[in-house]
Amino acid sequence: MKVYLDHAATTPIRMEVYDKMMENMAKDFANADSIHSLGRESANIVLSCRDNIAKLIGAQSKEIYFTSGGTESDNWAIKGVAFANKEKGKHIITTKIEHPAIYNSCAFLEENGFEVTYLDVDKYGFVNPEDLIKAIREDTILISIMFANNEIGTIQDIKTLCSIAKERGIIFHTDAVQATGTIKYDVNELGVDLLSMSGHKFYGPKGIGALYIKEGTKIAPFVNGGEQERGRRGGTTPVSLIVGLSEALSIALKELDDNNSNVYYLKHRLINELKKEDISINGSIEKDTSLPGTVSITFNKTKPGIVLNNLDMEGICASAGSACTAASEKPSRTLLAIGLSEEDSKRSVRFSIGRDNTKEEIDYTISTIKEILARVRED
Ligand code: PLP
Numbered sequence: 021m022k023v024y025l026d027h028a029a030t031t032p033i034r035m036e037v038y039d040k041m042m043e044n045m046a047k048d049f050a051n052a053d054s055i056h057s058l059g060r061e062s063a064n065i066v067l068s069c070r071d072n073i074a075k076l077i078g079a080q081s082k083e084i085y086f087t088s089g090g091t092e093s094d095n096w097a098i099k100g101v102a103f104a105n106k107e108k109g110k111h112i113i114t115t116k117i118e119h120p121a122i123y124n125s126c127a128f129l130e131e132n133g134f135e136v137t138y139l140d141v142d143k144y145g146f147v148n149p150e151d152l153i154k155a156i157r158e159d160t161i162l163i164s165i166m167f168a169n170n171e172i173g174t175i176q177d178i179k180t181l182c183s184i185a186k187e188r189g190i191i192f193h194t195d196a197v198q199a200t201g202t203i204k205y206d207v208n209e210l211g212v213d214l215l216s217m218s219g220h221k222f223y224g225p226k227g228i229g230a231l232y233i234k235e236g237t238k239i240a241p242f243v244n245g246g247e248q249e250r251g252r253r254g255g256t257t258p259v260s261l262i263v264g265l266s267e268a269l270s271i272a273l274k275e276l277d278d279n280n281s282n283v284y285y286l287k288h289r290l291i292n293e294l295k296k297e298d299i300s301i302n303g304s305i306e307k308d309t310s311l312p313g314t315v316s317i318t319f320n321k322t323k324p325g326i327v328l329n330n331l332d333m334e335g336i337c338a339s340a341g342s343a344c345t346a347a348s349e350k351p352s353r354t355l356l357a358i359g360l361s362e363e364d365s366k367r368s369v370r371f372s373i374g375r376d377n378t379k380e381e382i383d384y385t386i387s388t389i390k391e392i393l394a395r396v397r398e399d
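Structure (structure tokens):
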């Protein structure tokens with residue numbers, strides 16, 4: 021039996037999305053920037069997708085910019101704001117638990133004359149608004165705090181954190197790559213200036229994402245090239261990927277309540293059974309402050325990495341930390357930030373449940389974990 025419990029790393033594309041993309045790829049191949057009739061047809065398709073995505077998140081169409089995914093959106097938000105506002109100041113605030121797309125963009129800026137404050141989080145992974153207030157300086161130009169964490173699933177109170185930035189005239193970005201498609205939000209209600217999303221996290225295609233840029237936000241173009249994306253992000257428009265992104269987001273938000281209650285039920289079935297073993301849960305698992313399908317579990321008294329490897333041998337696909345750091349031997353930055361030791365971080369497994377998982381699969385996972393623990397547990 022193969023059980024896929026790694027939906028935070030990526031999700032399988034929905035067949036409805038795939039079908040729409042294939043149809044588009046076969047039929048509407050023309051360059052959306054060509055001025056002939058076929059080009060105009062492609063441009064119209066892109067326009068209607070942009071309108072749709074904007075509507076779904078409460079934005080204006082002209083505030084949606086297509087990118088190659090979450091990593092590019094994050095890089096653009098951080099570096100674009102830094103470069104465009106450097107005369108005003110060179111200080112940026114983020115957190116210790118951001119995805120490498122944010123963390124390494126900030127590290128790059130530090131090597132190039134900017135200063136970055138990395139906020140601590142508490143043991144559940146929450147940023148304390150008081151810490152944010154204390155970290156703000158005269159020269160702070162940007163605050164970037166992720167919406168939902170990719171390893172422990174903790175959801176931040178973005179509205180409150182953003183209001184602290186806005187009261188002081190500071191640009192606020194949120195990495196909503198894990199949140200989009202799982203949490204309903206409206207960018208104006210949140211108050212954010214910039215927001216990143218990525219198609220493959222909500223059953224859409226890989227290689228496409230978007231950056232919401234509130235009208236009037238001072239940000240430098242990111243990919244220099246042609247006039248695509250209003251001259252701010254060059255490159256021939258990937259029409260069929262955009263069709264996939266738009267369709268995937270529509271379906272995800274339409275089916276959000278049903279999907280969330282199903283994955284939440286399955287996650288708690290897993291947690292409740294595993295609680296009978298010697299385990300620790302990392303981060304928040306409360307309904308309103310954690311992603312419904314994501315949980316990080318430390319298997320106490322086991323050799324680092326052994327549970328995950330055994331799960332893989334039994335056909336169960338989960339992750340240690342995030343997929344982006346899985347290949348490295350480094351302990352998870354997020355787990356260290358919430359207070360785990362290096363050893364404990366390496367004996368932790370992230371399970372991320374998705375819409376296709378079944379009760380039978382979760383029960384198989386539970387019984388397999390119990391067998392593995394009986395074999396590998398150290399006293
Ligand atoms: N931000 C977060 C929170 C993520 O979980 C990921 C992907 O794992 C990314 C950014 C990067 O997104 P992409 O894979 O589309 O580049």
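Just so you know, we're using this note's numbering here: the sequence shown kicks off at 21 and counts up by one.
Beta carbons are placed, not taken as given, at the ideal position from N, Cα and C, and that holds for glycine.
Under the three-state reduction of DSSP, which class applies to I203: helix, strand or coil?
Looking at I203 - three-state DSSP - the assignment turns out to be strand.
Quick check on the DSSP output: the beta strand (DSSP E) that includes F392 runs from which residue to which?
In the sequence as presented, Phe is not what sits at residue 392; that position holds Ile. Per DSSP, I392 belongs to no beta strand (DSSP E); it is in the alpha helix (DSSP H), 379-396.
Mind checking E398: buried by the 16 CB within 10 Å criterion, or exposed?
Within a 10 Å sphere around the beta-carbon of E398 sit fewer than 16 other beta-carbons, which makes this residue exposed.
Where the alpha helix (DSSP H) through K285 begins and ends:
According to the sequence displayed, residue 285 carries Tyr and not Lys. If you look at Y285, you'll find it in the alpha helix (DSSP H) that goes 276-294.
Just checking my contact of K106 with E267 at CB under 8 Å: how many whole Å lie between their CB atoms?
Contact flag wrong, Cβ pair sits at about 39 Å.
Taking 5 Å as the limit, name every residue whose beta carbon sits nearer than that to some heavy atom of ligand 1, in sequence order.
One residue list follows from the rule of a beta carbon closer than 5 Å to any heavy atom of ligand 1, given in chain order as G89, G90, T91, H119, A121, N170, D195, V197, Q198, S218.
Outcome for A347 when other beta-carbon atoms lying within 10 angstroms are tallied against a minimum of 16
Caution is warranted here: a pLDDT of 47 is assigned to A347, below 50, making its placement in the model unreliable, and the coordinate value is therefore given only provisionally. With fewer than 16 Cβ atoms within 10 Å of its Cβ, A347 is classed as exposed.
The stretch 362-381 in contact with the stretch 279-299 per 3-pair CB rule at 8 Å
These segments touch.
Measuring only the C-alpha atoms, how far is S260 from K323?
Rounded to the nearest angstrom, the two C-alpha atoms are 46 Å apart.
Since L152 is in the alpha helix (DSSP H), which residue starts that stretch and which ends it?
That run of the alpha helix (DSSP H) goes 149-155.
Alpha carbon to alpha carbon, what distance is there between A127 and K116?
Between the alpha carbons of K116 and A127 lies a gap of roughly 12 Å.
In whole angstroms, what is the alpha-carbon distance linking G59 and N44?
In a straight line, the C-alpha of G59 is about 13 Å away from that of N44.
Output yes if chain D places a C-beta closer than 8 Å to the C-beta of Y232; else output no.
You won't find chain D in this structure, because it holds only one protein chain.
So the beta strand (DSSP E) F371 belongs to, where does it begin and stop?
That run of the beta strand (DSSP E) goes 368-372.
With 16 other CB atoms within 10 Å as the buried threshold, where does T385 fall?
With 16 or more neighbouring CB atoms inside 10 Å of its own CB, T385 falls in the buried class.
From which residue to which residue does the alpha helix (DSSP H) around Y123 run?
In the DSSP annotation of this structure, the continuous segment of the alpha helix (DSSP H) that includes Y123 starts and ends at 120-130.
For N64 and I122, what's the separation of their Cα atoms in angstroms?
Each residue's alpha carbon lies about 33 Å from the other.
Sort S216, N51, N72, R70 by Cα distance to S62 and report the nearest one.
The residue with the shortest Cα to Cα distance from S62 is N51.
With DSSP as the reference, label D94 as helix, strand or coil.
Of the three classes helix, strand and coil, the one that applies to D94 here is helix, per DSSP.
Are there 16 or more other CB atoms within 10 angstroms of the CB of N148, so buried, or fewer, so exposed?
Answer is exposed; the Cβ neighbour count stays below 16.
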